[in-house]
Amino acid sequence: MSYIKKKGNNTNINSNTVSDYNNQTMNNNDINNDTQTSYISPSILTIPPEIFAEISINLSPIDLISLSQVCNHLRSLLCSTSSQTTQAIWRASRLLFMPRLQMAPPDGMDEKSYIELNMLERGCQFCGHPDDTVKVIWVFRVRTCGVCLDGRTARYFDLAVKEDIPDHILAILPYTGNHADRLYWRDNVISAMQEYEKLTTEEDRHNWLVKKKLANVNRMSDATVREDALIEQEWNKNWRFIHSRMEIVLRKLQEQLNLLQDLAELSD
Ligand SMILES: [Zn+2]
């Protein structure tokens, strides 16, 4: 395989790669970081998306994320939210490497964002902390630890009574918890208030509220479906574990029984 080795301002080309390199139109701006040593196949820098889609068939999401950071060409190829080819690359990787994430992304979310949101191994998306409390809160579409969740949410009572957020605004926002003790994402409240206050006519405000309410109903029902699916996966996983333990225990009991029968036969 041919590589170009670039370090600092010097571009050292392996003798095997000269002819390949002369046929390429690599732009130096494509090198992500001049201060780091990079090994980049020149053909990768100009590869058409459909060919890349075929050769990337066995790449994990982590591999794809690493590749997207190599150069501008790969970044544009892997980070487009509108390209069908890009979506197909990430979808194939997700279905192959993320068995817990077989459902399609929610409406309005691209495949890469969907995958990154669900990478619990990356820890909390706000503080980076990788503890057991990190989880995806689907109504808010965030991956957060317990501490950041507490710090970035507010309860209905505090928002409505202490902060005078109107009920018609809170009625169109996603929340978690039971209805009597609703928990809202603070940034959602702030941006909704800002959007609402920019509208100057009653008609615009009414139309905005209707549109947001519909979007919120869809968001809440989508979140319920995803959280239910997660609970079912956990239950199935736990049941498989219990079942495998039961098999081991039963086998051991059977072995003990056989041994006792052998002993009984010997003593006869
Ligand atoms: Zn956190």
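So the mapping is simple: my numbering equals the position in the sequence shown, first residue as 1, plus 58.
C-beta: ideal position from N, C-alpha, C; glycine also.
One or two residues paired with THR202 in a DSSP bridge:
LYS193
Can you determine whether any heavy atom of ligand 1 sits closer than 6 Å to the C-beta of PHE34, and answer yes or no?
Only positions 59 to 326 of the chain appear in the structure, and residue 34 is not among them; the question remains open.
Please classify ARG158: does DSSP put it in a helix, a strand, or coil?
coil
If you draw a straight line from the alpha carbon of LEU257 to that of ARG263, how long is it in whole angstroms?
The C-alpha of LEU257 lies about 6 Å from the C-alpha of ARG263.
Within its chain, find whatever has a CB closer than 7 Å to the CB of THR234; leave out the 5 residues flanking it on each side and keep chain order.
ILE195, VAL197 and LEU241
Where ALA229 falls: helix, strand or coil (DSSP):
coil
Here's the rule: buried if 16 or more other CB atoms are within 10 angstroms of the residue's CB, otherwise exposed. What is THR259?
Around the C-beta of THR259, fewer than 16 other C-beta atoms lie within 10 Å, and the residue is accordingly described as exposed.
Do ASN246 and LEU228 come within 7 Å of each other at the CB atom, strictly closer than that value?
no
Distance CB(SER126)-CB(ARG133) smaller than 7 Å
yes
Between which two residues does the beta strand (DSSP E) harbouring THR211 extend?
Run containing THR211: 211 to 213, per the beta strand (DSSP E) assignment.
Taking 7 Å as the cut-off, decide whether the C-beta atoms of ARG201 and LEU175 are in contact.
Going by C-beta atoms, ARG201 is nearer than 7 Å to LEU175.
Does the beta carbon of PHE184 fall short of 6 Å from some heavy atom of ligand 1?
yes
If you draw a straight line from the C-alpha of PRO107 to the C-alpha of SER138, how long is it?
Between PRO107 and SER138, the alpha-carbon positions lie close to 11 Å from each other.
For LYS310, count the other beta carbons within 10 Å of its own beta carbon; 16 or more makes it buried, fewer makes it exposed. Which is it?
exposed
Pop quiz: PHE155 and PRO119 are said to be a contact at Cβ under 8 Å. What is the actual Cβ separation, rounded to whole angstroms?
6 Å
Could you compute how far the alpha carbon of ALA273 sits from the alpha carbon of ALA162?
18 Å
Report yes if the C-beta of SER264 is less than 6 Å from at least one heavy atom of ligand 1; otherwise report no.
Residue identity check: residue 264 is His in the sequence provided, not Ser. A distance criterion of 6 Å places the beta-carbon of HIS264 beyond contact range of ligand 1, judged by its closest non-hydrogen atom.
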